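What follows is one structure encoded as structure tokens, with my remarks underneath.
As structure tokens, then:
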């Protein structure tokens, strides 16, 4: 069966005049087919009209159940709706919203944060990211705000945990990886951090001073 590539929907291509086009489809490649060079990418999967088209979201894979969860992202067009978690069933080519647990109350849609999934625990994490009027309804004229918190989503229990980060500095646009050593470790690197005066600076790479 086709293997779904865990890459987010959003701005994917640019013409030679640097004008961007937006691809709202979920793309996939079939790794059961031998290819020379890059595998062919397909966009013939169905998608309901109410499934959001977002930039800067993340797809959390559940490889055991052949599911993908879409969290976050900002709307390039229209007004953002209230947050809901979407899932995609790769076996049945079906999108649907995940029934909200009470722990989902207060969870907002962030964009361009750092996320990762720990497959053997069926737990997904999302650190930092931006809140803005393109991701949160009724945001108004507030400036975009970078988060300093860590979201955790339990795929088996359908529960959310929103925890404080290592400090109160808002961060976004970085990357996070899981290292399966000992009890496991999440490592965050890169991106930007929000300064108190409303500007952003590059995330320091020297861990001794950051």
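Numbering (full-length UniProt numbering), first residue to last: 1 to 210.
No residue lacks a Cβ here, since even glycine has one placed at the ideal position from N, Cα and C.
Since we're looking at a predicted model, the values are computed, not measured.
Check your understanding: Terminal residues of the continuous beta strand (DSSP E) containing residue 126?
Key -> Working through the chain shown from its first residue, we reach residue 126 at position 126. Taken as a continuous stretch (DSSP letters only), the beta strand (DSSP E) holding residue 126 covers 123-127.
* Which one or two residues does DSSP pair with residue 175 in a beta bridge? -> Within the chain shown, numbered from 1, the residue matching residue 175 stands at position 175. Beta-bridge analysis with DSSP links residue 175 to 189.
DSSP three-state call for residue 32: helix, strand or coil? As a first step, residue 32 must be located in the chain shown, where it is residue number 32. The three-state reading of DSSP puts residue 32 in coil, since its state is none of H, G, I, E or B.
Problem set entry | Burial state of residue 112, where buried means 16 or more other Cβ atoms lie within 10 Å | Counted from its first residue, the chain shown places residue 112 at position 112. That one is buried.
Please identify the residue among 151, 147 and 135 whose C-alpha is closest to the C-alpha of residue 53.
For the purposes of this step, residue 53 is taken as residue 53 along the chain shown, with counting starting at 1. Among 151, 147 and 135, the Cα nearest to that of residue 53 belongs to 135.
Exercise. For residue 43, which residues does DSSP report across the bridge?
Worked result: Walking along the chain shown from the start, residue 43 turns up at place 43. Answer by DSSP bridge pairing: none, since residue 43 is not bridged.
Query raised in the report: Between residue 110 and residue 60, is the Cβ-Cβ spacing less than 9 Å?
Result: Within the chain shown, residue 110 is the residue found at index 110, counting from 1. Within the chain shown, residue 60 is the residue found at index 60, counting from 1. Not in contact: residue 110 and residue 60 (Cβ atoms no closer than 9 Å).
Is the segment 189-203 close to the segment 166-174, with three or more CB pairs under 8 Å?
With a cut-off of 8 Å, the segment 166-174 and the segment 189-203 count as touching, because enough Cβ pairs lie within range.
Tell me the start and end of each unbroken beta strand (DSSP E) in the segment 82-123 that is at least 3 residues and wholly inside, in chain order.
Runs of the beta strand (DSSP E) lying entirely within the segment 82-123 and spanning at least 3 residues, in chain order: 86-89, 94-97 and 114-118.
Do the segment 153-166 and the segment 174-183 meet, that is, are 3 or more Cβ pairs less than 8 Å apart? Contact annotation: the segment 153-166 does not touch the segment 174-183, with fewer than three C-beta pairs closer than 8 Å.
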